[in-house]
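**Q** Here it is, the structure in full.
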Amino acid sequence: MTHAEATRETALPVTLDRESHVPLAVQLADALRESASSGHLRGGDRLPSTRALAGRLGVSRTVTAAAYEQLHAEGWIVGKHGSGTYVTTSPPSARPEHRSAAARDELPPGRLALLPGVPWAEGLDRSAWRRAWRAASDTPPAVYLSRTGLGEYREVISEHLLRHRGLDAGTESVLATGGTTAAVVELAAAVLAPGDLVAVEEPGYQRAVQTFSRAGMRVAGVPVDEEGLRTDRIPPGVRVVYCSPAHQYPMGCRMSASRRVELAELARERDFLVVEDDYDGELRYDVAPLPLLASLAPDVVVHLGTTSKILTPTLGAGWMVAPPSVTRAVLEHRELTGTRPSPAGQHVVVELARHGDLGRHLRRLRRELSDRRSILVDAFATAGVPVLGDDAGAHLVVPLPSAEDERERIAAGKRRGVLLDGLARHFATAPTAHGVLVGYAGCSRSELAECVPTLVDLTRMRHR
Numbered sequence: 001m002t003h004a005e006a007t008r009e010t011a012l013p014v015t016l017d018r019e020s021h022v023p024l025a026v027q028l029a030d031a032l033r034e035s036a037s038s039g040h041l042r043g044g045d046r047l048p049s050t051r052a053l054a055g056r057l058g059v060s061r062t063v064t065a066a067a068y069e070q071l072h073a074e075g076w077i078v079g080k081h082g083s084g085t086y087v088t089t090s091p092p093s094a095r096p097e098h099r100s101a102a103a104r105d106e107l108p109p110g111r112l113a114l115l116p117g118v119p120w121a122e123g124l125d126r127s128a129w130r131r132a133w134r135a136a137s138d139t140p141p142a143v144y145l146s147r148t149g150l151g152e153y154r155e156v157i158s159e160h161l162l163r164h165r166g167l168d169a170g171t172e173s174v175l176a177t178g179g180t181t182a183a184v185v186e187l188a189a190a191v192l193a194p195g196d197l198v199a200v201e202e203p204g205y206q207r208a209v210q211t212f213s214r215a216g217m218r219v220a221g222v223p224v225d226e227e228g229l230r231t232d233r234i235p236p237g238v239r240v241v242y243c244s245p246a247h248q249y250p251m252g253c254r255m256s257a258s259r260r261v262e263l264a265e266l267a268r269e270r271d272f273l274v275v276e277d278d279y280d281g282e283l284r285y286d287v288a289p290l291p292l293l294a295s296l297a298p299d300v301v302v303h304l305g306t307t308s309k310i311l312t313p314t315l316g317a318g319w320m321v322a323p324p325s326v327t328r329a330v331l332e333h334r335e336l337t338g339t340r341p342s343p344a345g346q347h348v349v350v351e352l353a354r355h356g357d358l359g360r361h362l363r364r365l366r367r368e369l370s371d372r373r374s375i376l377v378d379a380f381a382t383a384g385v386p387v388l389g390d391d392a393g394a395h396l397v398v399p400l401p402s403a404e405d406e407r408e409r410i411a412a413g414k415r416r417g418v419l420l421d422g423l424a425r426h427f428a429t430a431p432t433a434h435g436v437l438v439g440y441a442g443c444s445r446s447e448l449a450e451c452v453p454t455l456v457d458l459t460r461m462r463h464r
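So that you can map any letter, position 376 of the sequence shown is 376 in the UniProt record's numbering, and since no number is skipped, the others follow by simple counting.
If you want it as structure tokens, here you go:
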């Protein structure tokens, strides 16, 4: 470390509100993240030690350590042995592309963001949230972090998968992760090699596409229809097929039972892995979801889940259930690189589950989002506007005939104070379908109801 590096410890513009319902560790992480994204903190700036920062702010070291752990897991900061903690040279590539509901105040006045991929964070019971964070902060600082994640967290996830997703995965089969994208990063590094061919849904989850591409994999798009990924279009020679069978993102369909069987048989026949992204698989409102691919073919399926859509991305907590060979490879990668999923969010999930708050929130979440979806679907149906997607999740798709229509609807929405997402950006290659995605979780129900006439008017213009 140079003398300049050693002395470039930046003053931190952090103010903590002890009367706020937001935990101090979360406030601190949010403030540092905002400073890094705004440019006040630059790549290479040295942060105070957790002890020193705790002294400056008048909080316990547990608070500062939890905030640093969260930012390290997200890629905003990095620790250098014997030197200190530094802001990364550039912001992490996996940052969310859209603002969350918690950031609505940063939007231009009068604008409402109806974007997909945003959870119903305002629906979290604040007293339960505070209780969970308080209990988590009482946990003694860890000397060593487990490669597999906290044992209690893995038990909670094992029970969650059995109760809500029908997957009988014992605690020993569950690995904690930092979320779905973090798990994909690990799989690309631990299981695949540069030049390997990966098949992805088209349209699909572009963060996964970019993660594989940046790791040196060749990525091939596979079309999606009303039954999910087209198994007959999977190219030969693939090492991995990445898909979201429970609720395809972004089209919202469910992979049919016959397709699931075909995919499992192909995986065994051609010797490839299936990565099952179950990003909001708990959110189904009409019928019980079909069994997970991991239940159907545990020998060839890597199951990925996250708390980001059912709770909040703040926790940075997810899970992986994989064949033993994949699990060993991921653990070896963690051992070699020293990477571990942050335990802070895991502790909070454990506490929410311990008091039954996790289950209660899921029940409320399903009821609330089902009602919101019905409000939109009924309004569109009355106006003669078609929508796509099963009765599930937190967004729906309004198809449009052309790219020009899509651009016009999004631009018109901005002019009228509504931010919408377009379907085209979810294609890795030239888009073959167009439309707008309407998210309904990241706002209040009253806000959603107020903007329904605007949404109907915007989308109906090209369907008359």
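Virtual Cβ for every residue (Gly too), placed ideally from N, Cα, C. Keep in mind it's a predicted model, so treat the numbers as computed, not measured.
In or out: Y279 buried (at least 16 other Cβ within 10 Å) or exposed?
**A** buried
**Q** Please tell me whether A392 and Y285 are closer than 8 Å, where the distance is taken between their beta carbons.
**A** yes
**Q** Could you tell me which uninterrupted alpha helix (DSSP H) segments, each at least 4 residues in length, are contained entirely in the segment 154-240, listed from first to last along the chain?
**A** The segment 154-240 contains these whole alpha helix (DSSP H) runs: 180-190 and 206-214.
**Q** Could you spell out where the alpha helix (DSSP H) holding L437 opens and where it closes?
**A** Run containing L437: none in the alpha helix (DSSP H); it sits in the beta strand (DSSP E), H434 to G439.
**Q** Quick check on A199: buried or exposed, where buried means 16 or more other Cβ atoms within 10 Å of its Cβ?
**A** buried
**Q** Within the same chain, show all residues whose beta-carbon is closer than 6 Å to that of H347, passing over the 5 residues directly before and after it, in chain order.
**A** A136 and T139
**Q** For T89, does the three-state DSSP call read helix, strand or coil?
**A** In this prediction, T89 scores a pLDDT of 49, lower than 50, which makes its location untrustworthy; no coordinate-derived value is stated.
**Q** Starting from the Cα of E227, find the closest Cα among G237, H247 and R46 and give me that residue.
**A** H247
**Q** Looking at the secondary structure, which residues open and close the alpha helix (DSSP H) in which L369 lies?
**A** D357 to T382
**Q** By the 10 Å Cβ neighbour count, where 16 or more other Cβ atoms means buried, how is S127 classified, buried or exposed?
**A** exposed
**Q** Cα separation between G216 and S60?
**A** 43 Å
**Q** Given a cut-off of 8 Å on the beta-carbon distance, is the pair A394 and A329 in contact?
**A** Not closer than 8 Å, so no.
**Q** Counting pairs of Cβ atoms below 8 Å between the segment 162-169 and the segment 289-309, do you hit three or more?
**A** yes
**Q** Counting pairs of beta carbons, one from the segment 199-214 and one from the segment 330-340, are three or more of them closer than 8 Å?
**A** Three or more beta-carbon pairs separated by less than 8 Å are not found between the segment 199-214 and the segment 330-340, which leaves the two stretches without contact.
**Q** Could you pull the DSSP bridge partners for M320 from this structure?
**A** Looking at the DSSP output, M320 shares a beta bridge with L175 and L304.
**Q** Would you call the segment 248-265 and the segment 380-391 touching, i.e. three or more CB-CB distances under 8 Å?
**A** Output reads yes: the segment 380-391 touches the segment 248-265.
**Q** Please confirm if the segment 402-409 is in contact with the segment 422-433, defined as three or more CB-CB distances below 8 Å between the two stretches.
**A** yes
**Q** Which first and last residues belong to the alpha helix (DSSP H) in which H395 is found?
**A** No alpha helix (DSSP H) holds H395; the beta strand (DSSP E) holding it covers H395 to L400.
**Q** Compute the distance between the beta-carbons of A183 and T148, then report whether it is under 8 Å.
**A** no
**Q** Name, in chain order, the residues that DSSP records as bridge partners for D277.
**A** L304
**Q** Go ahead and label V185 buried or exposed: buried means 16 or more other beta carbons lie within 10 angstroms of its beta carbon, across all protein chains shown.
**A** buried
**Q** Using only the alpha-carbon positions, how far apart do R445 and R372 sit?
**A** 7 Å
**Q** Does DSSP put C243 in a helix, in a strand, or in coil?
**A** strand
**Q** With a CB to CB cut of under 6 Å and the five nearest residues on each side skipped, what residues in its chain are close to H98?
**A** Because H98 carries a pLDDT of 36, less than 50, the predicted location of this residue cannot be relied on, and no value is offered for it.
**Q** Would you report the Cα separation of A124 and A31, rounded to the nearest angstrom?
**A** Reading the sequence as shown, one finds Leu at residue 124 and not Ala. The alpha-carbon atoms of L124 and A31 are separated by roughly 21 Å.
**Q** Helix, strand or coil for A113 per DSSP?
**A** strand
**Q** Can you give the beta carbon distance from L71 to R46, rounded, assuming they're within the 8 Å contact cut?
**A** Contact between L71 and R46 is absent: CB atoms are separated by about 14 Å, not below the 8 Å threshold.
**Q** Among the candidates V287, P289 and C243, whose CA atom is the shortest distance from the CA of A267?
**A** Nearest Cα to A267 within the set V287, P289 and C243: C243.
**Q** From T171 to V350, what does the alpha carbon distance come to, in whole angstroms?
**A** 14 Å
**Q** Whole-angstrom Cβ separation of V321 and S173, contact assumed at under 8 Å?
**A** 5 Å
**Q** Among D271, T432 and T454, which one has its Cα closest to the Cα of A412?
**A** T454
**Q** Please classify G422: does DSSP put it in a helix, a strand, or coil?
**A** strand
**Q** I'd like the list of long-range same chain contacts for I375, defined as Cβ closer than 7 Å, with 5 residues on each side in sequence excluded.
**A** L448, A449 and V452
**Q** Where does D277 land, buried or exposed, given buried means 16+ other C-beta within 10 angstroms?
**A** buried
**Q** In angstroms with no decimal places, state the Cα-to-Cα distance between E368 and A430.
**A** 36 Å
**Q** My guess is that L304 and R259 are in contact by the Cβ rule of under 8 Å, so how many angstroms apart are they, rounded?
**A** Their Cβ separation, rounded to whole angstroms, is 19 Å, which puts L304 and R259 out of contact at 8 Å.
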